[in-house]
Amino acid sequence: MSELPPDLPRLRTVVTYLRGELGRAERALNTAEERKALAARRRPPAEPPAWLIERGIGAGRLPVRVHAGGCWDSRKRCTAISTDQARRALVEGIPACPHCRPDTALGMPE
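The opening residue of the sequence shown carries number 7 in the numbering used here; numbering runs sequentially from there.
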């Protein structure tokens with residue numbers, strides 16, 4: 007950084023100038039943050055997963071139900087799975103959700 011002037015009037019001038027620059031920099035930063043937030047709100051929401059598996063509560067957290075991705079009855083304990091994993095879970099006896107019927111959507115016999 008350059009040497010600062012030793013006298014009071016010129017130091018006050020430097021401080022006044024720097025305060026103005028800081029104000030302009032803060033306004034530019036706020037504008038950039040607002041633009042970024044606006045762009046994030048305009049972005050379409052992520053596609054829901056095609057298939058979900060709901061896990062139970064507790065230490066083992068065993069699978070309790072298979073859901074289609076957009077099911078209204080899926081809960082926070084659901085994680086995304088692939089089509090093959092959904093079929094395998096249904097074949098292994100994990101129940102299908104009675105609301106979204108993933109077994110029917112996958113073309114599996116009842």
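Ideal Cβ placement from N, Cα and C applies to all residues, glycine included. Note that the structure is predicted; figures quoted are calculated from it, not measured.
For residue i, the nearest candidate out of the options (CA to CA)
{"i": "Thr85", "options": "Pro69, Ser8 and Ile100", "result": "Pro69"}
{"i": "Val72", "options": "Lys82, Gly66 and Arg93", "result": "Arg93"}
{"i": "Gly113", "options": "Thr89, His105 and Glu98", "result": "Thr89"}
{"i": "Gly64", "options": "Pro50, Ala52, Ala46 and Arg83", "result": "Arg83"}
{"i": "Cys77", "options": "Pro50, Ala111 and Gly66", "result": "Ala111"}
Cβ-Cβ separation, residue j to residue i (assumed contact under 8 Å), whole Å
{"i": "Pro55", "j": "Gly26", "result": "About 52 Å; that fails the 8 Å criterion."}
{"i": "Arg81", "j": "Glu98", "result": "Wrong, their Cβ atoms sit about 21 Å apart, outside the cutoff."}
{"i": "Pro11", "j": "Val21", "result": "Not really, about 11 Å apart at Cβ, beyond 8 Å."}
{"i": "Leu96", "j": "Asp109", "result": "5 Å"}
{"i": "Ile87", "j": "Leu58", "result": "7 Å"}
Under the three-state DSSP convention, the category residue i falls into
{"i": "Leu58", "result": "strand"}
{"i": "Arg67", "result": "coil"}
{"i": "Ala74", "result": "strand"}
{"i": "Ala102", "result": "strand"}
{"i": "Ala86", "result": "strand"}
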